[in-house]
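Some notes on the structure that comes next.
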Amino acid sequence: MASLAAGWRIQRRVIGALLIRELVTRFGRENIGFLWMMVEPLLFAGLVGILWRFMKGPEEHGISVFAFIATGYIPLTLFRNAVGRSIRVFSVNGSLMYHRQIKILDFIFVRVLIEVVGASMAYLFIAVLLGAFGEFPMPADLGSLLAGWFLYCLFTFSLCLLLAPVSEMSDVLEKLVPVITYIMIPFSGTFNMVTWLTPQAQTAVLYSPFVNAMELMRYGVFGDRVGAIWYVSVPIYASMLCMLVGLVLCRRIRRELVVE
Amino acid sequence: MIHCEKVTKSYPMGHGRKQVLSELDLDIRPGEHIGFLGRNGAGKTTLIKLIGGVELPTSGKVRRKMRVSWPLGFSGAFQGSLTGYDNARFIARIYGLEYRDIRDFVEDFTELGAQLKMPVKTYSSGMRARLAFALSIAIEFDCYLIDEVIMVGDANFHKKCHHELFDKRGDRALVLASHSVELIREFCDRAMVLHEGKGTIYSDVNEALELYARL
């Protein structure tokens, strides 16, 4: 047990150090510094919200278009950024392999964590801002919102754990990622509730872990007004599967990793 | 002690694999100085990386029972876009040391002055060597892995390296990969000649150097 506790202490130290290193490298110490990490999701949610506001009018299915886009787009940017950051993460961070206490799982964890924190801050910021203008409701069920967000983040992390080693094995994946994340949008639950779809389409999208997590989050925000449908088991099982395969592949890739 | 047991390393090359080291055995005892000799591409750097745990062997085992430094070489261990100070901060954090102590030592040893506030990618190879050396010496290891790096740099740097490494830390184990015959002869107790994936260890350094000269 003593060595386990020591290992935990070292990992905490390493993750803290990697976090600071990543924040300094990416955002620097100038002007707002690490707060930049919430700027991109904020801009996306804000600008796309304005676009949709003009295209669709103030409300759709009885819900503020602004609030609906914000609740959808921020998780989507989390997923896209986290996946983008995980591609070839081992090659990019090769110099860190010189220190044996840094494990390759730490890289993925830290990168996803930064995206999660950035997206969470953006979510809170935009909810308060829109709330001040009466465009965002008081969350109907905060527990459901947090549980949904947790599931969304969990599945994103698990997917990154799988994609990071696969991207090292094949160069093709790197080229396919942008188009796949784009095609994925209908299966992310960003722009619609499941109940707005045809019955066949409903069955199909409910296989997506993202859709289930998103429905739960939206229930947390809008309550019964949106008629959300979700199965908690889908994101949980999908995450467990991705994590299992991902961990095996990470272990294998570490053995083959060539460090300059 | 460091035990290397039947260490084999191969890299993918075209459709096959290139065997760099095959079934190599080596024990490094506390306080011992070992030199690695071999032509370019013989596997000196690879073996040092395996001992340091930067890369893992294809088969076989490396067991470390003392604190082993990371391999000190021309590349690696740094984040080029970060400043010298930021790299020092990072090292201090992951090794759980007081940043102030490391900073003072690095400033004193490297004599880089304001350059430490610049990103490491702007450094010359001599400046990089100074920083790399200072950072690893600032942490007390039982065994230092040194890959050629002392060879770069000016006379003043050589003198400092000798003082810090051979005088002040003469009781630590040392693995030295080098083409410098004088360095190995002067400072090593044993030497290993690497040739065609095999490593042969000699207790008599002069014997190893003679063999190396004939390769």
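For the protein sequence lines, the chains are A and B, in the order given.
Quick note on my numbering: the first sequence kicks off at 93 and runs consecutively.
Quick note on my numbering: the second sequence kicks off at 13 and runs consecutively.
Just so you know, even glycine gets a beta-carbon here, dropped at the ideal spot from N, CA and C.
At a Cβ-Cβ threshold of 8 Å, A/L243 and A/V324 count as neighbours.
Taking A/V318 as the centre and dropping the five residues before and after it, the same chain places the C-beta of M285 and R310 closer than 6 Å to its C-beta, in chain order. Residues of the same chain with a CB within less than 6 Å of the CB of B/K73, apart from the 5 flanking positions on each side, are E17 in chain order. DSSP, read as helix, strand or coil, puts A/F249 in helix. Chain B places a beta carbon closer than 8 Å to that of A/S187, counting this residue as a contact. Of A/L135, A/P133, A/E132 and A/A159, the smallest CA-CA separation from A/R145 is found for A/A159. A/L96 and A/I194 have their C-alpha atoms some 16 Å from each other. Within the same chain, and ignoring the five residues on either side of A/I161 in sequence, the residues whose Cβ sits closer than 7 Å to its Cβ are A137, V140, G141 and W144.
For B/V80 against B/I151, the beta-carbon gap comes to about 11 Å, at or over 8 Å, which does not count as contact.
Remark: three or more beta-carbon pairs, one from each stretch, lie closer than 8 Å, so the region 188–202 of chain B and the region 159–173 of chain B are flagged as touching.
With respect to the 8 Å criterion, A/G312 and A/L237 are classified as neighbours on the basis of their beta carbons. Under the three-state reduction of DSSP, A/A232 is assigned to coil, being neither helix nor strand.
Excluding its 5 nearest sequence neighbours in each direction, B/Y97 has C-beta neighbours in its own chain below 6 Å: L128, listed in chain order.
In the same chain as A/F249, and ignoring 5 residues on each side of it, the C-beta atoms closer than 7 Å to its own belong to V204, in chain order.
Within the region 96–113 of chain A, the residues whose Cβ lies closer than 9 Å to any Cβ of chain B are, in chain order, R101, I102, R105, V106, G108, A109, L110, I112 and R113. The beta carbon of A/I166 sits closer than 6 Å to those of P133, A137, A211, A214 and Y215, all from its chain and outside the five residues before and after it, given in chain order. Under the three-state reduction of DSSP, B/D183 is assigned to coil, being neither helix nor strand. Where B/V19 is concerned, there is no enclosing alpha helix (DSSP H), although the beta strand (DSSP E) around it starts and stops at I14 to M25. Nearest Cα to A/G176 within the set A/S187, A/A224 and A/K267: A/K267. Annotation for B/R197: V217, N218 and L221 place their beta carbon closer than 8 Å to its own, counting only its chain and skipping 5 residues before and after.
Proximity of chain B to A/Y190 at the Cβ level (cut-off 8 Å) is accounted for by G64, V66, W82, P83, G88 and A89, in chain order. Exposure of B/Y23 is indicated by the presence of fewer than 16 other C-beta atoms within 10 angstroms of its C-beta. In the structure shown, A/I124 adopts coil according to DSSP, grouped into three states. Its Cα nearest to that of B/I149, the residue B/D179 stands out among B/P131, B/M130 and B/D179. Secondary structure at B/L128: helix, using DSSP grouped into helix, strand and coil. If you look at A/G176, you'll find it in the alpha helix (DSSP H) that goes V157 to S178.
Ranked by Cα distance from A/E260, the first of A/N173, A/V116, A/R118 and A/S183 is A/S183. For A/A330, the CB contacts under 7 Å within the same chain, skipping 5 residues up- and downstream, are F247 and P301 in chain order. In the assembly as shown, A/M230 is an exposed residue. Its beta-carbon has fewer than 16 other beta-carbons within 10 Å. At a Cβ-Cβ threshold of 8 Å, B/A89 and B/T122 do not count as neighbours. Taken in chain order, the members of the region 22–54 of chain B whose beta-carbon sits within less than 7 Å of a beta-carbon on chain A are Y23. Using a CB distance below 7 Å, the part of the region 98–110 of chain B facing chain A consists of D98, F102, R105, I106 and G108, ordered along the chain. The beta carbon of B/K61 sits closer than 8 Å to some beta carbon of chain A. Close CB contacts of A/K148 within its chain, under the 7 Å cut and outside five residues either way in sequence, are with V157 (chain order).
Here B/R76 is not near B/A100, since their CB atoms are 8 Å or more apart. Against A/L349, the close residues of chain B are E67 and L68, in the order they occur along the chain (beta-carbon pairs closer than 8 Å).
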